[in-house]
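The block underneath contains the structure these notes are about, expressed in structure tokens.
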């Protein structure tokens, strides 16, 4: 009985000594950069490197209503009140706790993980900022066809976070006036961006779509050459004279292995006694579709 009492006494004494030891909680000097779908470690250490096995360790988000990200208490993880989006994705390093390492591992990083975190050990705390960056796909440029004012091009890129900038440029690197940037997010909170531009024929007919993530100065771009024959055919159809017996007709042409289908609508008023109808102007002209063979 005396031995049991003595053992309890020493355990309490050791615990109190550990509790009274003054220590600092240190975080990273720089923001932590994470990549979509990968794992990331949010660093946190005790100084001096005393054991944290018996200590209360809490990780939580700053400026959120339900901030708990991970809780370690009484030698075990207690994550019943954890933010649901972190369920099954967080862990400490059990073997490193004895060395004062209280870092948190977050698995399968997603866009919503971006933000500022706090690590609380007993009554001491440290801050760490996690910056989530996802670098998206190479931009894809498609020719939508003729629109009022020229040829409509659309540029699309997927898998970015945060939302990147999309810029259209001519062959000399000058920005072109373009429509608003369309965006939507997927299940990983990653952005798909899409932007259209109306271009007119130039000396080179070369245009560039550039997608840029400013935070890390990451950039991807794609260059496209719009066939000069396509521009010429637009002008040909819109200015040439066609004889036909119906008010609406279609015409197709193959340019550079692409088949373009045009619909020409004549808005000239029928003149009694004149047949076939001569439609020279004005024209209502539509590019209805195209495809690759």
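In full-length UniProt numbering, the protein residues as written are 1 to 293.
Virtual Cβ for every residue (Gly too), placed ideally from N, Cα, C.
Taking 3 residues as the shortest admissible run, the stretch 152 to 183 contains the following complete beta strand (DSSP E) segments, listed from N- to C-terminal end: 165 to 169. Secondary-structure assignment with DSSP links residue 46 through a beta bridge to 25. Non-local beta-carbon contacts of residue 219 in its own chain, meaning distances under 6 Å to residues more than five positions away in sequence, involve 212 in chain order. When the five nearest sequence neighbours on each side are left out, the beta carbons in the same chain lying within less than 6 Å of the beta carbon of residue 44 are those of 27, 102, 103, 119 and 126, in order along the chain. The residues 171, in chain order, have a CB closer than 8 Å to that of residue 203 in the same chain once the five nearest residues on each side in sequence are set aside.
Between the alpha carbons of residue 91 and residue 70 lies a distance of about 7 Å. The DSSP-derived three-state label of residue 66 is coil.
By the Cβ neighbour-count rule, residue 35 is exposed, with fewer than 16 other Cβ atoms within 10 Å of its own. Comparing alpha-carbon positions, the option among 75, 180 and 113 lying closest to residue 83 turns out to be 113.
Here residue 192 is near residue 157, since their CB atoms are less than 9 Å apart.
In the structure shown, residue 201 falls within a coil segment according to DSSP collapsed to helix, strand and coil.
Counting only the Cα atoms, residue 51 lies some 14 Å from residue 73. Rounded to whole angstroms, the separation of the alpha carbons of residue 122 and residue 80 is 20 Å. The continuous stretches of beta strand (DSSP E) do not include residue 134, and DSSP gives it neither H nor E. Residue 217 carries a coil assignment under DSSP once its states are collapsed to helix, strand and coil.
Residue 100 carries a coil assignment under DSSP once its states are collapsed to helix, strand and coil. Residue 225 is bridged by DSSP to 206. When secondary structure is reduced to three states using DSSP, residue 187 falls in the coil class, being assigned neither helix nor strand. Taken through DSSP and simplified to helix, strand or coil, residue 77 comes out as strand.
With respect to the C-alpha of residue 134, the residue from 124, 29, 37 and 106 having the closest C-alpha is 37.
Residue 111 carries a helical assignment under DSSP once its states are collapsed to helix, strand and coil. A Cβ-Cβ distance of about 13 Å is found for the pair residue 160 and residue 195, leaving them out of contact under the 8 Å criterion. For the set 152, 41, 149 and 143, the Cα lying nearest the Cα of residue 93 is the one of 41. If you draw a 10 Å sphere on the C-beta of residue 109, you find 16 or more other C-beta atoms in it, and that means buried.
For residue 34, the enclosing beta strand (DSSP E) stretches over residues 32 to 35. Closest in alpha carbon position to residue 67, among 201, 116 and 99, is 116. Beyond the five residues adjoining it in sequence on each side, residue 29 comes within less than 7 Å, by CB distance, of no other residue in the same chain. Non-local beta-carbon contacts of residue 47 in its own chain, meaning distances under 7 Å to residues more than five positions away in sequence, involve 23, 24 and 26 in chain order. Check the Cα spacing between residue 174 and each of 206, 85 and 225: the tightest is with 206. Under the three-state reduction of DSSP, residue 125 is assigned to strand.
Note that the C-beta distance between residue 139 and residue 214 is not below 9 Å. Here DSSP, grouped into helix, strand and coil, assigns residue 144 to strand.
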